[in-house]
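Report on the following structure.
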Amino acid sequence: MSIRRYTQTTFTQGEVGDFIKGRAELGIYRAGLEQCENFLILPQGGIDRRRGFQFISSNLDSSTLADGSTNVVTASFHSKSRLIPFKFGEGQEYVLVVEPADTTVSSLAKIHVYYRDVRVAVLTNGVGGNNFNITTTNIDDIRFAQTFDVMLMVEANMPPLQLVRGTAHDDWAIGDLTFDFYPLVNFSFATTLTPSAKTGTGINLTLSSGNYEWVNASFPNGHVGMHVKLNAGLCKITSVTNSTVAVADVIEDMADTQASTGNEWEVTAFSNLDSTKGGGYPRSISFHQNRLIFGGSRDKPQTIFASQSGDFFNFKSTTRVVTESGGTTTTTGEVTDDAGFTFTIASDELNIIKHIVSQQALFIFTTDGEFDMSGEPVTPSNVLIRQQTRYGIQTGSATPKVVDNETMFIDRSAKQLRAFVYNFNTDAFSAKNYSLVHHTMLSNATDIEYLKNYKDTNTNYVFVVNNGELCVMGINVERDVIGWSRWTTTGTIKRIVEVDDSLYCLIDRANGYFLEKLTEEDIYLDCHFSTSSTGSAYAGANGLQSQTVKVIANGVTHNDVTVTAAGNFSLNVVSSSTQIGYGYTSTAKTLPITFNIGNSLISGERIRKLFAELQLHKSKSAKVDGKIVSFRNLGSNLLNAGITEFTGIKRVRINGIGAQPQLIITVDEALPMTLLSLTTECGFSTGKFQQA
Numbered sequence: 019m020s021i022r023r024y025t026q027t028t029f030t031q032g033e034v035g036d037f038i039k040g041r042a043e044l045g046i047y048r049a050g051l052e053q054c055e056n057f058l059i060l061p062q063g064g065i066d067r068r069r070g071f072q073f074i075s076s077n078l079d080s081s082t083l084a085d086g087s088t089n090v091v092t093a094s095f096h097s098k099s100r101l102i103p104f105k106f107g108e109g110q111e112y113v114l115v116v117e118p119a120d121t122t123v124s125s126l127a128k129i130h131v132y133y134r135d136v137r138v139a140v141l142t143n144g145v146g147g148n149n150f151n152i153t154t155t156n157i158d159d160i161r162f163a164q165t166f167d168v169m170l171m172v173e174a175n176m177p178p179l180q181l182v183r184g185t186a187h188d189d190w191a192i193g194d195l196t197f198d199f200y201p202l203v204n205f206s207f208a209t210t211l212t213p214s215a216k217t218g219t220g221i222n223l224t225l226s227s228g229n230y231e232w233v234n235a236s237f238p239n240g241h242v243g244m245h246v247k248l249n250a251g252l253c254k255i256t257s258v259t260n261s262t263v264a265v266a267d268v269i270e271d272m273a274d275t276q277a278s279t280g281n282e283w284e285v286t287a288f289s290n291l292d293s294t295k296g297g298g299y300p301r302s303i304s305f306h307q308n309r310l311i312f313g314g315s316r317d318k319p320q321t322i323f324a325s326q327s328g329d330f331f332n333f334k335s336t337t338r339v340v341t342e343s344g345g346t347t348t349t350t351g352e353v354t355d356d357a358g359f360t361f362t363i364a365s366d367e368l369n370i371i372k373h374i375v376s377q378q379a380l381f382i383f384t385t386d387g388e389f390d391m392s393g394e395p396v397t398p399s400n401v402l403i404r405q406q407t408r409y410g411i412q413t414g415s416a417t418p419k420v421v422d423n424e425t426m427f428i429d430r431s432a433k434q435l436r437a438f439v440y441n442f443n444t445d446a447f448s449a450k451n452y453s454l455v456h457h458t459m460l461s462n463a464t465d466i467e468y469l470k471n472y473k474d475t476n477t478n479y480v481f482v483v484n485n486g487e488l489c490v491m492g493i494n495v496e497r498d499v500i501g502w503s504r505w506t507t508t509g510t511i512k513r514i515v516e517v518d519d520s521l522y523c524l525i526d527r528a529n530g531y532f533l534e535k536l537t538e539e540d541i542y543l544d545c546h547f548s549t550s551s552t553g554s555a556y557a558g559a560n561g562l563q564s565q566t567v568k569v570i571a572n573g574v575t576h577n578d579v580t581v582t583a584a585g586n587f588s589l590n591v592v593s594s595s596t597q598i599g600y601g602y603t604s605t606a607k608t609l610p611i612t613f614n615i616g617n618s619l620i621s622g623e624r625i626r627k628l629f630a631e632l633q634l635h636k637s638k639s640a641k642v643d644g645k646i647v648s649f650r651n652l653g654s655n656l657l658n659a660g661i662t663e664f665t666g667i668k669r670v671r672i673n674g675i676g677a678q679p680q681l682i683i684t685v686d687e688a689l690p691m692t693l694l695s696l697t698t699e700c701g702f703s704t705g706k707f708q709q710a
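Written out as structure tokens, the structure reads:
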């Protein structure tokens with residue numbers, strides 16, 4: 019029998035798509051796997067079993083179940099809740115669990131504030147001066163930006179909100195954002211507007227016939243208090259006489275009293291007015307070059323609104339100038355470099371702005387393409403917006419993330435992760451595809467996040483929520499490391515966010531919708547409860563009530579236990595280090611093994627698998643093709659003692675005959691395993707191969 023050895027020294031491509039199976043000559047093939055589940059891709063080449071998710075909280079304001087001295091929370095967060103990061107400074111980062119109002123259960127919107135995994139505050143709509151109308155309808159479309167201790171939240175049908183952290187971790191308040199001056203915009207009115215005078219107070223502004231009419235109500239529900247810009251001047255409406263006549267005071271003198279056509283005069287851009295009057299609120303938000311930028315609004319979906327430089331809440335497009343000549347005082351408005359501005363994207367199709375990101379330029383992500391707004395710095399006189407690519411961004415809450423100076427986003431298909439990045443060869447931006455080789459990884463991506471330098475890996479990880487699972491891409495652009503793995507759990511992963519270099523998730527479990535955290539500890543159980551108290555009976559296992567779960571006691575796999583409805587459980591032994599939670603299986607399946615004979619790749623022959631050699635690092639459990647790898651030496655490890663970590667090579671006899679042999683490495687115990695390389699020793703019954 020001829021014997022050959024096939025060694026795979028790197029797994030940095032992770033799980034690749036089926037279309038790669040016919041390209042065994044590629045380096046991608048020799049660094050890829052057919053299946054990579056519940057592993058973390060290491061940039062150095064190996065794969066590391068993922069750690070578990072730690073239970074942090076359910077809804078602390080909901081019902082509890084009393085059992086003696088123990089109170090266990092039984093209810094969960096709302097199923098449409100979102101996670102939002104609030105990052106005030108180093109050591110002062112917060113997880114916000116935003117719960118929408120739901121009329122079907124008569125609940126109020128809430129914002130739960132967590133600091134270092136403990137809830138320190140909760141804001142309730144309409145209580146204590148807090149005001150935020152977040153519902154199940156608009157929660158996915160809320161965008162946010164932060165400056166120091168103030169977070170701004172916007173949504174097309176909701177007045178912008180201002181969330182403020184006070185002087186302490188538990189000091190929070192939220193309410194409507196106050197503008198110093200709203201942006202002005204033209205809504206292509208089907209009517210002209212004629213002023214009765216160029217200057218003064220109490221002048222009339224008269225509409226011609228058309229479908230636009232003045233509304234006799236205070237801003238934002240009407241026109242009283244709103245600004246109007248026409249004939250190079252500015253005035254403010256003080257009252258409404260009827261649907262065609264409004265009374266106003268002139269703030270900046272007009273050039274003349276001619277009728278201003280419907281495409282010339284402007285009104286306040288944001289209000290509660292319906293679409294026939296022009297209104298709505300911003301769709302997206304960012305800070306860019308010392309300006310507050312809004313991207314689109316309900317009725318101006320393709321328009322960029324920029325504040326004055328260094329004056330975030332002042333969107334006035336002119337600077338007030340007072341001059342005197344011949345005893346006459348004139349007040350005019352002049353456009354200066356630091357003035358606010360509006361700019362509407364001109365394109366051949368409707369591009370609704372969904373997200374804006376401040377990088378080298380302002381990146382604008384729309385439903386049908388990606389744009390950049392350039393200018394160093396941007397001023398009202400040099401605004402240039404150019405379409406760069408035409409993929410479009412996925413609708414929903416998935417915010418683009420900047421990773422190694424590449425802005426990653428989920429495109430409109432929800433099947434591709436792309437990176438918007440400058441290409442020096444074309445002198446333009448491109449949107450390279452990070453899921454091309456791994457084309458079966460994403461099918462319905464809904465959320466994106468990333469971690470910098472998780473644990474001791476020295477690399478970035480991008481996390482994408484996809485059909486209730488996590489698709490995880492290890493990426494190191496400098497070293498050309500790009501590899502995907504798929505993470506599954508008992509339940510459905512809904513939302514993710516990075517705070518303080520940790521990944522938090524909202525996960526739908528059997529008992530409810532919980533906040534959980536990816537641990538860096540060597541714990542391999544999900545929704546886990548951990549304690550170092552010595553004993554055999556425990557209480558307080560929130561999230562696991564009435565569930566049968568896995569147990570590790572003193573480093574040894576214990577029989578499964580069933581947690582009571584009150585969150586209590588008992589062990590068969592006394593333990594001083596106990597972890598319980600949902601188990602999961604890690605699986606790595608190789609691509610079909612092929613051999614080089616001369617300059618040819620040989621496959622399709624009948625090949626017998628003989629041995630597998632696993633080069634491991636600090637591992638305690640593994641199976642190869644279902645065969646258990648032994649980690650206990652006879653006489654050295656008692657069965658009731660923890661397994662000693664193993665680093666080195668394990669050689670396992672295996673069997674099986676096939677034309678395209680593959681190996682399956684699994685770990686189904688809650689123990690660690692890191693695979694650095696894998697060698698398969700095979701035998702051939704034909705005479706075509708010589709001894710290697």
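In the working numbering, the protein residues as written are 19 to 710. Quick reminder that beta carbons are idealized off the backbone N, C-alpha and C, glycines included.
Coarse secondary structure for F331, derived from DSSP in three states: coil
C-beta atoms of V592 and S551 nearer than 8 Å: no
Nearest candidate by alpha-carbon position, reference F331, set V123, Q180, H130 and I65: Q180
Nearest neighbour of S94, chosen from G601, A630, L562 and N590 [CA to CA]: L562
Whether N529 touches Y556 by CB criterion (8 Å): no
CA-to-CA distance, T385 to N369, given in whole angstroms: The straight-line gap separating the alpha-carbon atoms of N369 and T385 is approximately 6 Å.
D271 (DSSP reduced to helix, strand or coil): coil
Enclosing beta strand (DSSP E) for Y47 [first to last residue]: Annotation for Y47: no beta strand (DSSP E) segment contains it, though the alpha helix (DSSP H) segment containing it runs G45 to R48.
Complete beta strand (DSSP E) runs within the stretch 447-526 (minimum length 3 residues, chain order): 463-470, 478-484, 487-494, 499-505 and 510-517
C-alpha distance - D526 paired with G414, whole-angstrom precision: 19 Å
Selection from V136, V140 and R309 that minimises the alpha carbon distance to D148: Per the sequence presented here, residue 148 reads as Asn, with Asp not at that position. Of V136, V140 and R309, the residue nearest in Cα terms is V140.
8 Å Cβ shell around T603 - same chain, five flanking residues per side excluded: E55, N56, T684, V685 and D686
Residue(s) in a DSSP beta bridge with P213: L223
Buried versus exposed, by CB contacts within 10 Å (16 or more), G358: buried
Bridge-paired residues (DSSP) for I570: T575 and Q597
With 16 other Cβ atoms within 10 Å as the buried cut-off, status of K645: K645 is exposed by the Cβ-count criterion.
Beta-bridge partners of V168, as assigned by DSSP: T165 and V182
Element boundaries [beta strand (DSSP E), containing V113]: Q110 to E117
Exposure of D390, with buried meaning 16 or more beta-carbon neighbours within 10 Å: buried
At least three beta-carbon pairs within less than 8 Å, the stretch 211-226 to the stretch 250-269: Judged by Cβ distances under 8 Å, the stretch 211-226 makes contact with the stretch 250-269, as three or more pairs qualify.
Three-way DSSP call (helix, strand, coil) for I157 in this model: Three-state result, I157: helix.
For I363, the three-state DSSP class (helix, strand or coil): For I363, the three-state secondary structure derived from DSSP is coil.
Distance, Q680 Cα to V123 Cα: One C-alpha to the other measures close to 53 Å.
Where the beta strand (DSSP E) containing K254 begins and where it ends: G251 to V258
Unbroken beta strand (DSSP E) run spanning E394, endpoints: Where E394 is concerned, there is no enclosing beta strand (DSSP E), given that its DSSP letter is neither H nor E.
Distance CB(T608)-CB(K636) smaller than 8 Å: no
DSSP state of D36 mapped onto helix, strand, coil: helix
Candidates T153, F106 and V396: closest to T121 by CA position: The shortest C-alpha separation from T121 is found at T153.
contact_flag[the stretch 233-245, the stretch 393-408] where n(CB pairs < 8 Å) is 3 or more: no
Cβ pair count under 8 Å reaching 3, the stretch 403-422 against the stretch 465-480: yes
Close beta carbons around K334, own chain, < 6 Å, minus the five adjacent residues each side: So the list reads F199 and G358, once near-sequence residues are dropped.
CB contact flag (V138, D188, <8 Å): yes
Cβ distance (whole Å) where T549 is taken to contact T596 below 8 Å: Right, their Cβ atoms sit about 5 Å apart.
Contact check, G70 vs G599, beta carbons under 8 Å: yes
Three-way DSSP call (helix, strand, coil) for A287 in this model: coil
Collapsed DSSP secondary structure at C700 in the structure displayed: strand
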